[in-house]
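Engineer: Let me begin by handing over the structure; questions about it come next.
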């Protein structure tokens, strides 16, 4: 505590409350000028507890503002070594006389900083001391501004309070003004002269509004008139013109100050130069706008790419699957990123001129528009080659030659199959693609053959190898891309085995669509995809019973 005792009793408590409220009003006035100041500033109550601390002093103490309020300096700075500063606070409380330019040191968290402090009594309109205000400047700043600018030959000990006050204003880039309402006299601080680039005589002969930017003149006049007419304090941001012609950004305050000697009230205010902060804010705003523009452009580009991919998908993946007696087809397509709606995977199914059914599942490396474009070329080429000559091995061989002729290398895997719904045989060729699955009855096996290199890798002499299988009633062929069985941290062979088990477990009446739904539920939608996934199932419906002519008993359809 700084005081030797407290006021006791009910009346004393009321008096202390009034004094605290009056101190709060004074702090509110002072804070408008000191909140953003680089000079450390604090206000103590009569018990020596912090009632206000600005950010600069909190930074000097290396503690948040909230850790100061309601506590004494000794409680906040337990290891500070405040012997040179605390006696001054007690002296100002006892005598009511300011102590200016007191040298001392503050030790915070093991770091010692030499400081120069000034301590002033805070009074109410009756002159009653309410507390103490203190400014605190590190010696490095003080030496730069005060000692180097002191009049030549003047000892440091003789630097007066006025010069120190000017130094503090210079550090804070803060000017002040005062108007005597009784005489009309105006007083401008030296820092305000320097801030505007004019000498004392020029400023004394002009009004403050003469330096305000024309666009802000109305706000300045209105604020000043409200101050004079109604005593309404203000804090406003203005633009002012330096004598050299450049623009200044300032924050201005104004308030009515009662004369403690009973004289007429005065007007007092500050002008703080925030041009550097405004420039930094403009740079940040410009950088933010540029970032927003870049993000908007990138988003628009991504949306355009997604729209293009969607158009490719609509053009490539058939909306309607061919309807062929004796064959059921079901498909599923899931891109790795749903927003893209298209990758390099594709499926196709179409009827050939001779009545057979052509089936394709393929995968182009990549997930961008180029992958989709290459996929479109390969898909259209396979369709054209199949119509010209549907042998699967020859079709893939011709597609390989097409890719080898392109200027850029694109890796494509595919499986192409031709199904005869009358004879029920299916011939397929494979180019580096995952092995198809064949379900016969309730057993599912992998079609290891045929083997063939991926398209676009090297020239292949002759047609790709082919394999022919026969589908019995209820049998199904499953074609898929590698996204279905390749997952990070999981064994691809184990996933392929799981896929076969899922296919085997689907009951016969479910057909092609039932097989697709089972695979999607168990292996696609149950976990995030790491690649595009495409799936095509061909199913031969089971034999339908027919009525025997002679016996009237049902007889099985010929296979």
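Residue numbers (the working numbering): 442 to 1000. Where is the CB? At the ideal position from N, CA and C, for every residue including glycine.
#1: Run through DSSP, which three-state label would residue 470 get?
#2: So what does residue 574 bridge to, in DSSP terms?
#3: Report the partner residues of residue 789 according to the DSSP bridge assignment.
#4: Starting from residue 676, trace the beta strand (DSSP E) both ways and give me its first and last residue.
#5: Compare the C-alpha of residue 648 against each of 574, 768, 618 and name the closest.
#6: Could you tell me the alpha carbon to alpha carbon distance between residue 487 and residue 493, rounded to whole angstroms?
#7: Please state whether the Cβ-Cβ distance between residue 975 and residue 826 is less than 8 angstroms.
#8: If you draw a straight line from the alpha carbon of residue 744 to that of residue 967, how long is it in whole angstroms?
#9: Should the region 894 to 914 be regarded as contacting the region 829 to 848, the criterion being three or more beta carbon pairs within less than 8 angstroms?
#10: Let me check understanding here. Comparing Cα to Cα, which of 854, 807, 717 lies closest to residue 819?
#11: Does DSSP put residue 616 in a helix, a strand or coil?
#12: Alpha carbon to alpha carbon, what distance is there between residue 476 and residue 971?
#13: Going by beta-carbon coordinates alone, are residue 529 and residue 562 separated by less than 8 angstroms?
#14: Using a Cβ-Cβ cut-off of 8 angstroms, state whether residue 630 counts as contacting chain B.
#15: With DSSP as the reference, please indicate the residues paired to residue 693 in a beta bridge.
#16: Taking Cβ positions, are residue 880 and residue 851 nearer each other than 8 angstroms?
#17: Mind checking residue 794: buried by the 16 CB within 10 Å criterion, or exposed?
#18: Would you call the CB atoms of residue 813 and residue 806 closer than 8 angstroms?
#19: Pick from 947, 803, 810: whose alpha carbon is nearest that of residue 977?
#20: Compare the beta carbon distance of residue 800 and residue 920 with 8 angstroms and say whether it is the shorter of the two.
#21: Can you tell me which of the three DSSP states residue 986 falls into?
#22: Using the Cβ count rule (16 or more neighbours within 10 Å means buried), how would you classify residue 849?
#23: So, under 8 angstroms CB-CB, residue 679 and residue 714 are touching, yes? Tell me the CB distance rounded to an integer number of Å.
#24: Does the region 925 to 943 come close enough to the region 890 to 897 that 3 or more CB-CB pairs lie under 8 angstroms?
#25: Return the bridge partner residues of residue 884 from the DSSP annotation.
#26: Kindly indicate which three-state DSSP category residue 852 falls into: helix, strand or coil?
#27: Just to confirm my understanding: we take residue 815, look at its own chain, exclude 5 residues before and 5 after, and list those with CB closer than 6 angstroms. What are they?
#28: Which of helix, strand or coil does DSSP assign to residue 898?
#29: Tell me whether the region 669 to 684 and the region 692 to 699 touch, counting them as touching only if at least three CB pairs, one residue from each stretch, are closer than 8 angstroms.
#30: Three-state secondary structure (DSSP) at residue 687?
#31: For residue 786 and residue 732, what's the separation of their Cα atoms in angstroms?
#32: With H, G and I counted as helix, E and B as strand and the rest as coil, what does DSSP make of residue 515?
#33: For residue 665, write down the residues that DSSP places opposite it in a beta bridge.
#34: Is it right to say residue 863 is buried, meaning 16 or more other beta carbons lie within 10 angstroms of its own, or is it exposed?
#35: Using beta-carbon positions only, say whether residue 644 and residue 634 come within less than 8 angstroms of one another.
#36: Candidates 650, 954, 946: which alpha carbon is nearest residue 762's?
Structural biologist: The relevant details are as follows:
#1: Within the chain shown, residue 470 is the residue found at index 29, counting from 1. Here residue 470 carries a helix assignment [DSSP, helix/strand/coil].
#2: Here residue 574 is taken as the residue at index 133 of the chain shown, counted from 1. Answer by DSSP bridge pairing, in chain order: 484, 561.
#3: Within the chain shown, numbered from 1, the residue matching residue 789 stands at position 348. Beta-bridge pairing by DSSP links residue 789 to 801.
#4: As a first step, residue 676 is located in the chain shown; it is residue number 235 there, counting from the start. According to the DSSP assignment, residue 676 belongs to the beta strand (DSSP E) that extends over 675 to 682.
#5: Along the chain shown, one-based indexing puts residue 648 at 207. Ranking the options by Cα distance to residue 648, first place goes to 618.
#6: On the chain shown, position 46 is the one that residue 487 refers to. On the chain shown, position 52 is the one that residue 493 refers to. Going by the C-alpha atoms only, they are around 13 angstroms apart.
#7: Within the chain shown, residue 975 is the residue found at index 534, counting from 1. Within the chain shown, residue 826 is the residue found at index 385, counting from 1. Taking 8 angstroms as the Cβ cut-off, residue 975 and residue 826 do not qualify as a contacting pair.
#8: The residue you call residue 744 lines up with position 303 of the chain shown. The residue you call residue 967 lines up with position 526 of the chain shown. Taking the straight line from one Cα to the other gives about 28 angstroms.
#9: Inter-segment contact for the region 894 to 914 and the region 829 to 848 is present: three or more beta-carbon pairs are separated by less than 8 angstroms.
#10: Locating residue 819 in the chain shown gives position 378, where the first residue counts as 1. Closest by C-alpha distance to residue 819, out of 854, 807, 717, is 854.
#11: On the chain shown, position 175 is the one that residue 616 refers to. Residue 616 falls in the strand class under three-state DSSP.
#12: Sequence index remark: in the chain shown, residue 971 carries index 530 (1-based). Sequence index remark: in the chain shown, residue 476 carries index 35 (1-based). It is roughly 54 angstroms from the alpha-carbon of residue 971 to the alpha-carbon of residue 476.
#13: Reading the chain shown from its first residue, position 88 is the one you call residue 529. Reading the chain shown from its first residue, position 121 is the one you call residue 562. In this structure, residue 562 does not lie closer than 8 angstroms to residue 529 by Cβ.
#14: Among the protein chains of the structure shown there is no chain B, as only one such chain exists.
#15: As a first step, residue 693 is located in the chain shown; it is residue number 252 there, counting from the start. Looking at the DSSP assignment, residue 693 forms a beta bridge with 677, 712.
#16: Translated into the one-based positions of the chain shown, residue 880 becomes position 439. Translated into the one-based positions of the chain shown, residue 851 becomes position 410. Cβ atoms of residue 880 and residue 851: not closer than 8 angstroms.
#17: As a working mapping, residue 794 is identified with position 353 in the chain shown. By the neighbour-count rule (16 or more Cβ atoms within 10 Å), residue 794 is not buried but exposed.
#18: Here residue 813 corresponds to residue number 372 of the chain shown, with the count starting at 1. Here residue 806 corresponds to residue number 365 of the chain shown, with the count starting at 1. No.
#19: The residue you call residue 977 lines up with position 536 of the chain shown. Checked all of 947, 803, 810; the closest Cα to residue 977 is 803.
#20: Residue numbering aside, residue 800 sits at position 359 when the chain shown is read from its first letter. Residue numbering aside, residue 920 sits at position 479 when the chain shown is read from its first letter. Contact: yes.
#21: As a first step, residue 986 must be located in the chain shown, where it is residue number 545. Low per-residue confidence applies at residue 986: pLDDT is 49, beneath 50, and the placement is therefore not dependable, though the value from the model is reported in the following sentence. In this structure, residue 986 counts as coil in the three-state DSSP scheme.
#22: Counting from 1 along the chain shown, the entry for residue 849 is found at position 408. Looking at its Cβ environment, which holds fewer than 16 other Cβ atoms inside 10 Å, residue 849 is exposed.
#23: Looking up residue 679 in the chain shown gives position 238. Looking up residue 714 in the chain shown gives position 273. The beta carbons of residue 679 and residue 714 sit about 11 angstroms from each other, so the pair does not count as a contact at 8 angstroms.
#24: Using a Cβ-Cβ distance cut-off of 8 angstroms, the region 890 to 897 and the region 925 to 943 are not in contact, since fewer than three pairs of beta carbons, one from each stretch, lie closer than that value.
#25: Counted from its first residue, the chain shown places residue 884 at position 443. Partner(s): 881.
#26: Walking along the chain shown from the start, residue 852 turns up at place 411. In the three-state reduction of the DSSP assignment, residue 852 falls in the coil class.
#27: Here residue 815 corresponds to residue number 374 of the chain shown, with the count starting at 1. Listed in chain order, the non-local C-beta contacts of residue 815 below 6 angstroms within the same chain comprise 805, 851, local neighbours out to five positions each way being set aside.
#28: Locating residue 898 in the chain shown gives position 457, where the first residue counts as 1. Of the three classes helix, strand and coil, the one that applies to residue 898 here is coil, per DSSP.
#29: Flag = yes, the region 669 to 684 and the region 692 to 699 touch.
#30: Taking the chain shown and counting its residues from 1, the one referred to as residue 687 is at position 246. Coil, per DSSP.
#31: Position 345 of the chain shown, counted from the first residue, corresponds to residue 786. Position 291 of the chain shown, counted from the first residue, corresponds to residue 732. Going by the C-alpha atoms only, they are around 34 angstroms apart.
#32: Here residue 515 refers to the residue found at position 74 when the chain shown is read from its first residue. In this structure, residue 515 counts as helix in the three-state DSSP scheme.
#33: As a working mapping, residue 665 is identified with position 224 in the chain shown. DSSP lists no partner for residue 665.
#34: For this step, residue 863 is matched to residue 422 along the chain shown. Residue 863 sits exposed, since fewer than 16 C-beta atoms from the chains shown fall within 10 Å of its C-beta.
#35: Along the chain shown, one-based indexing puts residue 644 at 203. Along the chain shown, one-based indexing puts residue 634 at 193. Against a cut-off of 8 angstroms, the Cβ pair of residue 634 and residue 644 comes out as a contact.
#36: The residue you call residue 762 lines up with position 321 of the chain shown. Between residue 762 and the set 650, 954, 946, the nearest pair of CA atoms involves 954.
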